[in-house]
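Structure, as C-alpha cells:
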Amino acid sequence: MADINIQDAKKNLEKKGFLDLDIDVNLDLFSEIERLKNEKNAVVLAHYYQEPDIQDVADFIGDSLALAQKAQSTTADIIVFAGVHFMAETAKILNPNKKVLLPDLKAGCSLADSAPADAFKKFKENHPDHLVITYINCTAEVKALSDIICTSSNAEAIINSLPKEQKIIFAPDKNLGAYLIKKTGRDMVLWNGACQVHELFSLEKITKLKMRHPDAKVIAHPECEESLLKVADFIGSTSALLKYSAQNPATEFIVATEAGILHQMQIQSPTKTFIPAPPDNACACNDCPFMKLNTLEKLYLCMEYEEPEIIMDEKLMEAAKKPIERMLEISKKFGL
Ligand code: SF4
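First residue of the sequence shown: -7, per my numbering; consecutive thereafter.
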C-alpha cells in the first residue's frame, strides 16, 4: 500500500468511518492480525454479534457485561473493540490511558440513538426523585447522566439490590424495561427506546416455524417485544441464551436475537440445530446492520494503522465512569 493512499484514507476517515484502503488479496488476514496483536501488545475483544471470522480471530468473545469486565482487567496496551461505538466508548472510559480502536466508527446502535442526551436530561429533570438505571446501550453523555449502568445479564440483580421504596427511571429500552418490571415487581418509569433488530421479529413467522419444529425451544433476548417473550421457553441475555442452548437437552432451538450468536452456539453444540427467528420484513436475516459494518479487513486495517481511534473528553469520561463502576461493583458482589 503506497503511503499516499494511507494519507488520503486518513483524510477521509471522518466521512467514511473507516480506513478505506485496498488490501493485497494474497494476505492471510488471520495470521496478520495475530502478528499485529503480538507486535503491538493488542487485545481483540469481540461481541457475540460480530461476523464469524471476527469471532474466530478474537482473544475474547462476550456480551456487553463480559466485554466491559474484560476491558477493565486487560493488561494490553491497545484494545481493539470489534463491536459497536458505545461498547468501544465503555472500554475507553474504563481505560482512559489506553488506545482503543474500533474498526468502523459508524458502527452505532439504534437503541443508543433513541436516547439523545439533551432530551434525556429533560426527562430526568421531570423525575427529580428517581434513580437512573441505564442499559449499557447508550452514549457516554447519557451514561454521565445516569446513577447505575446495567446490562441484560445484571439488570435484575441491580434493581433488586435497591431499597423497595426507591423510585427508578429505566432507559433506554422499553421492552427490556417492561420485562424487568414484571420480573422485579418494581414500578419503573421507562424511556421509550428500542432496538431495531429485536423489535423486528415476527411472532406470526415464529409461530409457523414452531409448528414445523414442534420440539424446538424458542429462546429470546429481553429486548424483544412482550408478545414474543410470552411464547419463549427461555428469556435471557446473550450469554444466558448461549449457556441455555448448550445445557438444555433439546436438539433444536429457534433463536430470537441477533444471528451472530448462532456461530458460538454451533461451536458449543455441534450436533444441535439453531434456527434464526425470522424478522417481520422481506429479508430473512436478523443481522444488526451496525454490528455487521465491522469486517475482518477493517479490523486488520485499524490494527495496522491504529485508526480509527476512540477519542473522548476527559470530564465526560470521568462522569460516565462512576455509573459503570457501580455496575461492575454490584455485579462482582452477586458473582455475575
Ligand atoms: S442489536 Fe440492537 S441493541 Fe445491539 S447494537 Fe444492534 S441496534 Fe444496538
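Cβ atoms here follow ideal geometry from the backbone N, Cα and C, with glycine treated the same way.
- Restricting attention to 255, 264, 271 and 14, the CA atom closest to the CA of residue 192 is found in 271.
- For residue 171, the uninterrupted alpha helix (DSSP H) segment begins and ends at 166 to 176.
- A distance of 8 Å or more separates the beta carbons of residue 86 and residue 59.
- Just so you know, the alpha carbons of residue 224 and residue 254 end up roughly 17 Å apart.
- Membership of residue 6 in the alpha helix (DSSP H) is indicated by the continuous run 5 to 8.
- Between the beta-carbon of residue 233 and that of residue 205 there is about 17 Å, and that puts the pair past the 8 Å contact cut.
- No residue range can be given for residue 130, since it is assigned to no beta strand (DSSP E) and is classified by DSSP as neither H nor E.
- Taken through DSSP and simplified to helix, strand or coil, residue 265 comes out as strand.
- Near ligand 1, meaning a beta-carbon closer than 7 Å to one of its heavy atoms, we find 41, 76, 101, 102, 103, 104, 129, 187, 188, 189, 190, 215, 250, 280, 282 and 283.
- Residue 203 is classed as exposed because its beta carbon has fewer than 16 other beta carbons within 10 Å across all chains shown.
- Separation of the CB atoms of residue 131 and residue 190 is rounded to 19 Å, and the pair is thereby denied contact status at 8 Å.
- Counting only the Cα atoms, residue 28 lies some 7 Å from residue 296.
- For secondary structure counted as the alpha helix (DSSP H) over 4 or more consecutive residues, the stretch 143 to 168 holds these complete runs in sequence order: 147 to 152.
- With fewer than 16 neighbouring CB atoms inside 10 Å of its own CB, residue 238 falls in the exposed class.
- Rounded to the nearest angstrom, the gap between the Cα atoms of residue 308 and residue 126 is 16 Å.
- With contacts defined by Cβ atoms closer than 8 Å, residue 99 and residue 134 do not form a contacting pair.
- According to the DSSP assignment, residue 198 belongs to no beta strand (DSSP E) but to the alpha helix (DSSP H) extending over 195 to 204.
- One Cα belongs to residue 284, the other to residue 173, and the distance between them is close to 31 Å.
- Taking every protein chain shown into account, the CB of residue 82 has 16 or more other CB atoms within 10 angstroms, so this residue is buried.
- Distance from the CA of residue 101 to the CA of residue 8, rounded to the nearest whole angstrom, comes to 17 Å.
- The continuous beta strand (DSSP E) containing residue 37 extends over residues 34 to 39.
- Straight-line spacing of the CA atoms in residue 259 and residue 183 works out to 37 Å.
- If you look at residue 58, you'll find it in the alpha helix (DSSP H) that goes 56 to 65.
- Counting other Cβ atoms within 10 Å of its Cβ, residue 241 stays below 16 and is therefore classed as exposed.
- When DSSP states are grouped into helix, strand and coil, residue 209 belongs to the strand group.
- Between the stretch 309 to 323 and the stretch 136 to 154, the count of Cβ pairs shorter than 8 Å is three or higher; the stretches touch.
- The Cβ atoms of residue 94 and residue 302 lie closer than 8 Å to each other.
- If the five residues before and after residue 210 are omitted, its C-beta is found closer than 7 Å to the C-beta atoms of 198, 202, 223, 224, 225, 246 and 248, all from its own chain and listed in chain order.
- Inclusion of residue 15 and residue 299 in the CB contact set at 8 Å is not warranted, their separation being larger than that value.
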